[in-house]
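This report concerns only the one structure given below.
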Amino acid sequence: MGWLVLVFDGLLAAALIWLAWQATHTPGLFRSVISFIIFGLLMALAWVRLDAPDIALAEAAIGAGATGALLLSALGRLVATHEEGAPWQERRDLYFWIPAGGALLGLLTLAAWMLPSPGLGEQVQDALPESGVQNPVTAVLLNFRALDTLLEIGVLLLAAIAIWSLGRMPLPSAPAVRSPALPALGRLLFPMFVLVSAYLLWRGSHAPGGAFPAGAVMGAGGILTILAGAQPWLTGSVHGPWRMLLSLGFAAMLALALGVMALGQPFFAYPPGLAGLIVLALELAAGLSIAMSLVALYLAGQPPDHWEGEARGE
Amino acid sequence: MIYLLLAGVLFVIGLHGLFVARHLLRKILSLNVLSAAVFLLLVALAREADPLDAVPHAIVLTGIVVSVSATAVALVLLVRLSRPREDQRKLMDEEGG
């Protein structure tokens, strides 16, 4: 079996290199974008091979799904999508940049080589019973290094704010094929996405899963619903529950981090015994915020007061 | 070991693309390839440790979300750059009507 695994790894690596080259260096923007989406999917396979199923789940949903949708919708909105001449510039200063890039790569390799070799795996294993969950990745994300996650959700919120502040983008045009079946199907499928997300969220406490894959799957579901031309669940008041849901994750984490200080604990140190419950609540809030942010990023602009395509009274 | 080498090759491809690509969309793609290479390096190194090191996994998950945010903002700016006048006209129409 050993050589078979080696052959698989080799083929995967070759395909990834070829796709990365296709995405960055061959003519035709549409082709590059498609290559990049396939690159993301194959990366998910590589994560599985590297024993990182949590990352594989997130990469398949975010890296391939959401980024692909973002790229394609941006490509559709660009005025000029054809490139004149070669896709790359002839540059003289490459004589400088190639050695500079090589030096950067060499230094990074050196830095990686000099990392303390056993890593933090043992410390994480030792502290796992206190974290309230059994999955080490979830424990690191929402307990040991919750500050990183707070800042990351802050970045996501900031991206959504930055995009909204650029004003309204012409909406993704209605589906190319107008059919009453598409919105109905979109509405029918969305509960399935919610179900899968809820399962992933619940699973995150003891197995690969958690807020990130769950939020990503739900966000992808939302994008699909919008693509199909059905958005009844976000309409209503001027912006619906958008703003609240977008900031829910950040607000909940910050409130909790400060709340435990009132109980006499340090910043982000959960009281023992409550850790499991707290992590679950934070996962729920963070998952919802990630899902809404992905949809907001896809819309690429402030959501309109009411959606076109469907009557408001529906 | 294969994956460490793969990370190096992808890093070079991404860096080269970032420097020489003419279209901005291609530069964004190159940046994404570059970040994928760094994530790959982190996780491949984490696998070498004996109890699997969960910290790089968590950091890479965070990194994926941050990179999709950055990509989204970059893409919106790119679209804005490509059609500034049209948008302004549309906005004026909206405000007028």
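Read top to bottom, the protein sequences are chains U and G.
Letter by letter, the first sequence follows residues 1 to 314 in my numbering.
Letter by letter, the second sequence follows residues 1001 to 1097 in my numbering.
Every residue gets a Cβ at the ideal spot worked out from N, C-alpha and C, and that includes glycine.
- Sorting U:A207, U:P208 and U:A285 by C-alpha distance to the C-alpha of U:M244 places U:A285 at the top.
- About 6 Å separates the Cβ atoms of U:L248 and U:L288, confirming a contact at the 8 Å cut-off.
- From the listed residues U:A14, U:G101, U:G2 and U:A159, the smallest Cα separation to G:V1020 is found for U:G101.
- With 16 or more neighbouring CB atoms inside 10 Å of its own CB, U:A275 falls in the buried class.
- Below 8 Å, enough C-beta pairs join the region 209-224 of chain U and the region 52-60 of chain U to call them touching: three or more.
- Between U:V155 and G:H1057, the CB-CB gap reaches or exceeds 8 Å.
- Contact of U:I290 with chain G is assigned, a C-beta pair being separated by under 8 Å.
- When DSSP states are grouped into helix, strand and coil, G:A1021 belongs to the strand group.
- Residue ranges of uninterrupted alpha helix (DSSP H) with 4 or more members, entirely inside the region 31-83 of chain U and ordered along the chain, are 53-58 and 67-77.
- In chain G, no part has a C-beta under 8 Å from the C-beta of U:H206; the shortest such distance is about 14 Å.
- Here U:P136 carries a helix assignment [DSSP, helix/strand/coil].
- In its chain, beyond the 5 residues on either side, A23 have a beta carbon closer than 6 Å to the beta carbon of U:S32.
- The three-state secondary structure of G:D1053, taken from DSSP, is coil.
- Exclusion of the five residues before and after G:L1004 leaves A1044 as the residues of its chain whose Cβ lies within less than 6 Å of its Cβ.
- Of the candidates U:L166, U:L120, U:T109 and U:G219, U:L120 places its Cα closest to the Cα of G:A1054.
- Per DSSP, the unbroken alpha helix (DSSP H) holding U:P183 starts and ends at A181 to R203.
- For U:R145, there is no enclosing alpha helix (DSSP H), since its DSSP letter is neither H nor E.
- Shown here for U:P53: same chain residues with a beta carbon closer than 8 Å to its own, the five before and five after excluded, namely W47 and P208 in chain order.
- For G:L1006, the closest alpha carbon among the candidates G:H1016, G:G1017, G:N1032 and G:V1038 is that of G:V1038.
- Following the DSSP letters along the chain, one finds U:H25 inside the alpha helix (DSSP H) bounded by residues G2 to H25.
- About 16 Å separates the beta carbon of U:A291 from that of U:I163, a gap too long to meet the 8 Å contact definition.
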